[in-house]
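Those sequence lines, one after another, are chains A and H.
Read in order, the letters of the first sequence correspond to residues 1 to 515 in this note's numbering.
Read in order, the letters of the second sequence correspond to residues 1 to 515 in this note's numbering.
All C-beta atoms in this analysis are idealised placements derived from N, C-alpha and C, irrespective of residue type, glycine included.
Reviewing the structure listed below.
Protein chains: 2
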Amino acid sequence: MPTLPRLAFASGVLGFATVLGPAGLPAQVPAARTEAEAVAFYVDAHRREITAELLDFLALPNVAADTENIRRNAARLVEMMEARGIRTRLLETDGPPMVFGELPVPGATRTILFYCHYDGQPTDASRWVGHAPWDPVLRDGNLESSPETFALPAEGPIEDDWRIYGRSASDDKSPIVALLSALDALEAAGLQPTSNLKFLFEGDEEAGSPHLDRLVREHEDLLVADLAVIADGPRHSSGRPTAVFGVRGIVTAEITVYGPTVPLHSGHYGNWAPNPAEALAELLATAQDEDGRVTIAGWYEDVLPLGPADAAALAALPDEEEERRRLGIALPEGGGRSRWEMVTLPSFNVRGMWSAWVGDQARTIVPDRAIASLDFRLVRDIQPRQQVERFVGHVIRQGYHVVSEEPDLATRLGHPKLAKIESTRGYPAVRTPLDDPAARAVVEAVREATGEEPVVIPTHGGSVPGHVFPDYLGATFVLLPIVNPDNNQHSPNENLRLGNLFSGISIFAGVMRMP
Amino acid sequence: MPTLPRLAFASGVLGFATVLGPAGLPAQVPAARTEAEAVAFYVDAHRREITAELLDFLALPNVAADTENIRRNAARLVEMMEARGIRTRLLETDGPPMVFGELPVPGATRTILFYCHYDGQPTDASRWVGHAPWDPVLRDGNLESSPETFALPAEGPIEDDWRIYGRSASDDKSPIVALLSALDALEAAGLQPTSNLKFLFEGDEEAGSPHLDRLVREHEDLLVADLAVIADGPRHSSGRPTAVFGVRGIVTAEITVYGPTVPLHSGHYGNWAPNPAEALAELLATAQDEDGRVTIAGWYEDVLPLGPADAAALAALPDEEEERRRLGIALPEGGGRSRWEMVTLPSFNVRGMWSAWVGDQARTIVPDRAIASLDFRLVRDIQPRQQVERFVGHVIRQGYHVVSEEPDLATRLGHPKLAKIESTRGYPAVRTPLDDPAARAVVEAVREATGEEPVVIPTHGGSVPGHVFPDYLGATFVLLPIVNPDNNQHSPNENLRLGNLFSGISIFAGVMRMP
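In structure tokens, the structure reads:
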């Protein structure tokens with residue numbers, strides 16, 4: 001059932017508006033006591049339509065490399081935005097287009113640029129339970145408690161604790177739908193945004209945002225804004241509304257270590273032919289100590305120490321004991337430091353590792369190669385290239401000859417320890433000072449919209465290419481994550497709790513109306 | 001063209017026989033000077049039929065776990081054997097049946113049991129070039145030199161250097177066809193085997209021979225023999241005819257190291273949530289030193305030192321510099337010791353390693369688990385269970401809690417270092433003394449049949465469950481490998497050089513006729 005409190009409203013700032021109620025019948029909105037209540041009333045009355053719009057959007061496969069489908073997503077976005085009166089334009093790149101939109105407000109003196117991405121991570125359909133990644137379904141809770149799936153019912157209540165399971169349900173299509181629904185809610189309440197609004201929806205964020213940097217520089221005049229609100233990532237694990245003042249940068253690398261030219265019979269050649277899986281294991285083992293501290297020379301060199309304001313903000317964050325237990329983690333890395341403190345440091349993560357086969361597919365061979373896929377998260381002021389070079393230097397110091405392309409036979413025969421390292425371009429971190437006035441105003445708007453005290457996080461562990469907004473546009477960076485922390489982002493069975501979508505609409509409407 | 005030397009035969013021991021010549025026309029066989037020449041003449045005259053029989057046999061998928069197809073293989077084998085007058089019988093197990101056959105020879109005082117296996121390793125079809133694993137094709141050389149494939153031509157010469165590409169082309173269906181063709185050749189030459197012959201063809205050798213041990217013990221009376229000739233594995237890398245007096249045993253294990261219960265976003269959780277791929281790398285790195293020597297306590301404890309005869313035999317083996325260069329190996333493990341010396345030691349091999357995804361499929365996550373599949377090769381007198389226990393003990397000494405089943409949440413929360421280890425039953429090694437008279441007689445028969453000096457190898461690196469023949473039947477063990485060393489056994493693009501098949505027939509015919 002809708003949760004709007006049915007109060008007698010004493011001093012409405014708004015007139016009456018006619019909207020559709022829960023049963024699809026017109027409902028009289030009492031003159032709301034606050035704008036936030038008016039928005040919440042609209043959202044509750046339109047849960048079905050809002051959920052349906054998101055489900056339709058999620059049914060479009062959206063891996064950036066899937067050219068045809070990613071274009072269908074962009075075209076759908078244009079339709080969805082123009083239906084709200086947004087002037088849209090595709091900003092073309094070598095890859096998927098960016099979808100840009102503008103909603104100028106006469107007399108407004110501030111411009112807010114909202115950024116989301118409409119592409120999603122690649123999927124391994126075999127690990128999704130009960131449905132395909134782009135065949136979104138509902139569950140009455142999470143997968144563990146409620147394995148049964150169902151379609152959006154034509155009538156009856158739509159509960160906050162229901163979840164949508166599907167690729168990009170949380171990352172990052174729901175914030176897009178929340179932003180557009182916020183405009184609907186304001187219009188239904190007879191309210192106008194107080195700022196000029198711009199929207200930038202990226203189509204290859206999950207592929208590492210290879211075009212964003214250049215595109216923002218090229219379209220500086222079009223995109224210029226005072227405040228950049230990035231809508232991505234999960235709320236704090238307490239579930240409280242969250243505002244994030246910084247994000248880590250990222251660069252990814254892949255290392256291939258070579259064994260014999262072909263996989264060899266492990267009986268005839270084992271412990272004579274060098275085993276690349278064992279060599280890779282030995283190499284990776286040199287990169288971190290027992291506590292997970294990275295031992296690559298210079299890794300932490302450019303890390304700025306935490307100031308008193310940062311330390312205070314970190315200390316004020318709710319404890320995550322529940323989260324640790326849910327994830328089955330007996331002893332986190334970091335020697336007792338909180339997750340939020342750990343993400344103020346650059347990371348070294350083995351995101352994937354592969355050599356030959358395991359399980360039922362295992363064969364008794366010496367593999368011909370072993371691969372580790374790595375991601376390095378960056379903090380202010382570490383440049384991506386710098387961190388990759390530190391890694392390459394470390395591998396060389398372990399006695400390896402490092403190449404950037406598949407080696408030929410002569411190269412193999414010339415170097416007992418041989419590795420190929422490839423890397424992406426990556427992007428650096430971004431950090432807004434904790435006392436920045438524009439960012440504090442956003443926090444205030446979130447508090448107003450939700451009636452809860454927001455969790456303020458100095459820096460998030462995740463990466464969005466937010467540095468482009470302050471660096472090229474002079475905009476203050478704030479990230480407003482709305483989705484549930486247990487959303488399985490980037491993994492199989494990604495999901496969104498519907499209550500988070502609905503309150504996200506209130507949050508964005510509040511930001512659009514902030515004084 | 002057939003390579004039979006067309007000599008004038010001075011003192012034939014055989015009469016004339018009518019066989020089909022290369023063009024399919026009846027050919028007059030001159031009274032051959034030697035039995036070996038008579039056999040070789042038959043083989044050259046029947047290259048097409050012999051090759052066709054093998055191709056047909058290879059078209060049957062033969063993974064042991066594929067119940068329906070593995071039965072089709074057994075049924076085909078029975079047909080092939082009965083066509084040669086062999087009395088056959090299926091010896092049933094819980095899995096694929098063993099195919100047994102018997103060919104008693106009146107007056108013979110010795111019994112030879114020939115052992116092969118008719119199942120093959122699982123395949124990854126995506127890594128086979130130009131055809132599917134069970135759609136065997138011919139090439140005019142190896143894959144690198146002759147990528148083009150063709151079907152067996154209806155006429156024209158069939159060259160020694162042609163190869164069949166297909167799963168089990170070398171391992172281990174070609175020895176079966178060679179044995180049966182040897183009977184045809186002897187019959188065509190009017191010759192009878194000098195020993196009673198038995199045949200035992202196993203259907204789940206590649207699955208670790210889970211039934212062979214019990215079956216041989218149960219059917220001791222049926223299988224009893226003086227000499228067990230195992231036809232499996234490749235010739236020495238010099239390409240010379242080869243006799244092997246021992247093989248290593250094997251046991252496999254799989255270790256799973258646990259991270260969080262689900263894969264986590266590497267930005268939000270990286271370097272706080274323990275990474276199982278990094279933990280597995282650290283663990284594997286402790287198992288061997290820089291030179292590849294296994295550092296697990298007790299690993300080499302029961303290794304018998306090499307005697308003077310072993311050392312002499314090892315010293316007599318041809319050098320393998322060519323092989324090393326072909327395989328792109330800059331520096332083999334073992335500090336300069338030969339491959340043949342290294343395989344007199346027990347091995348520790350990481351045959352596969354897996355955690356999450358790499359390459360295009362990589363996702364920026366902390367994986368939930370990392371797996372290494374291992375095989376341990378055994379030498380006399382190390383028992384499989386003993387070696388697995390040494391490995392488990394080593395993992396425990398690295399601080400791990402070891403379980404044998406998927407751990408629940410409480411187990412995960414109770415143990416910062418947690419690993420699951422599963423293992424197979426395995427089997428021990430076998431070793432025939434280098435001066436054993438029956439085994440020396442086999443070497444002599446190979447020399448006679450081929451006109452070349454055989455390479456005698458004290459022990460092979462690969463594993464076949466040959467221990468059952470001396471241990472339960474009292475038979476002398478000898479392994480006669482016939483296939484080409486570069487056959488990609490156990491790997492994609494497995495192949496057989498046809499010349500090896502044809503000379504294998506001569507070798508087996510010689511053994512069947514040895515005095």
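Residue state for Leu-374 (chain A) is assigned as strand, using DSSP reduced to three classes.
Under DSSP, the beta-bridge partners assigned to Asn-495 (chain H) are H:Tyr-165. In the structure shown, the three-state DSSP call for Gln-288 (chain A) is strand. By DSSP's assignment, Phe-477 (chain A) forms a beta bridge with A:Ala-228. Non-local C-beta neighbours of Asn-487 (chain A) in its own chain, meaning closer than 8 Å and more than five positions away in sequence, comprise Ala-169, Ser-170, Asp-171, Pro-234, Glu-494, Asn-495, Leu-496 and Arg-497, ordered along the chain.
Under the DSSP assignment, Asn-271 (chain H) falls outside any beta strand (DSSP E); it carries neither an H nor an E label. DSSP places Ala-281 (chain A) within a helical segment (H, G or I) once states are collapsed to three. Here Glu-144 (chain A) is exposed: its Cβ has fewer than 16 other Cβ atoms, across all protein chains shown, within 10 Å. In this chain, the beta strand (DSSP E) harbouring Ile-112 (chain H) covers 111-117.
When secondary structure is reduced to three states using DSSP, Arg-363 (chain H) falls in the coil class, being assigned neither helix nor strand. Rounded to the nearest whole angstrom, the C-alpha separation of Asp-471 (chain H) and Pro-153 (chain H) is 46 Å. Using beta-carbon distances, Glu-282 (chain A) counts as an interface residue toward chain H, with a partner under 8 Å. Considering only beta carbons, the part of the region 398-417 of chain A lying closer than 7 Å to chain H consists of Leu-409, Arg-412, Leu-413, Gly-414, His-415 and Pro-416, in chain order. When the five nearest sequence neighbours on each side are left out, the beta carbons in the same chain lying within less than 7 Å of the beta carbon of Trp-357 (chain H) are those of Arg-363, in order along the chain. Listed in chain order, the non-local C-beta contacts of Leu-215 (chain A) below 8 Å within the same chain comprise Leu-91, Thr-93 and Met-98, local neighbours out to five positions each way being set aside. Apart from the 5 residues on each side of it in sequence, Pro-104 (chain A) sits with its Cβ closer than 7 Å to the Cβ of Asn-196 in its chain, given in chain order. Not a single CB atom of chain A sits nearer than 8 Å to the CB of Val-468 (chain H). The region 248-260 of chain A and the region 313-323 of chain A do not touch, with fewer than three beta-carbon pairs separated by less than 8 Å. Burial state of Thr-67 (chain A) is exposed, judged by a 10 Å Cβ sphere holding fewer than 16 other Cβ atoms. The C-beta of Val-395 (chain H) comes no closer than 8 Å to any C-beta of chain A. For Thr-411 (chain A), there is no enclosing beta strand (DSSP E); the enclosing alpha helix (DSSP H) has its first and last residue at 409-414. Between the region 376-394 of chain H and the region 289-297 of chain H there are three or more inter-stretch CB-CB distances shorter than 8 Å, so the stretches are counted as touching. Beta-bridge partners of Thr-252 (chain A) (DSSP): A:Asp-375.
Counting along the chain, Ser-355 (chain A) sits inside no alpha helix (DSSP H); it lies in the beta strand (DSSP E) bounded by residues 349-356. For Ala-372 (chain A), the closest C-alpha among the options H:Ile-365, H:Leu-374 and H:Phe-376 is that of H:Ile-365. Taking a 10 Å sphere around the C-beta of Arg-87 (chain H), we find fewer than 16 other C-beta atoms and assign the residue as exposed.
Between Gly-120 (chain H) and Val-39 (chain H) a beta carbon distance of about 28 Å is seen, past the 8 Å cut, so the two are scored as non-contacting.
Thr-450 (chain A): member of the alpha helix (DSSP H) spanning 437-450, first to last residue.
In the structure shown, the three-state DSSP call for Ile-396 (chain A) is helix.
Here the alpha carbon of Ala-108 (chain A) sits roughly 22 Å from the alpha carbon of Ile-505 (chain A). In the pairwise beta carbon analysis, the region 333-340 of chain A is classified as not touching the region 336-345 of chain H: fewer than three pairs are separated by under 8 Å. DSSP, read as helix, strand or coil, puts Gly-259 (chain H) in coil. Below the 9 Å Cβ cutoff, chain A contributes no neighbours of Thr-67 (chain H), its closest Cβ being approximately 14 Å away. Apart from the 5 residues on each side of it in sequence, Leu-212 (chain A) sits with its Cβ closer than 7 Å to the Cβ of Glu-202, Pro-465 and Val-468 in its chain, given in chain order.
Residues of chain H with a Cβ closer than 8 Å to the Cβ of His-211 (chain A) do not exist; the shortest Cβ-Cβ separation is about 18 Å. About 6 Å separates the CB atoms of Ala-419 (chain H) and Ile-255 (chain H); that is less than 8 Å, so the two are in contact.
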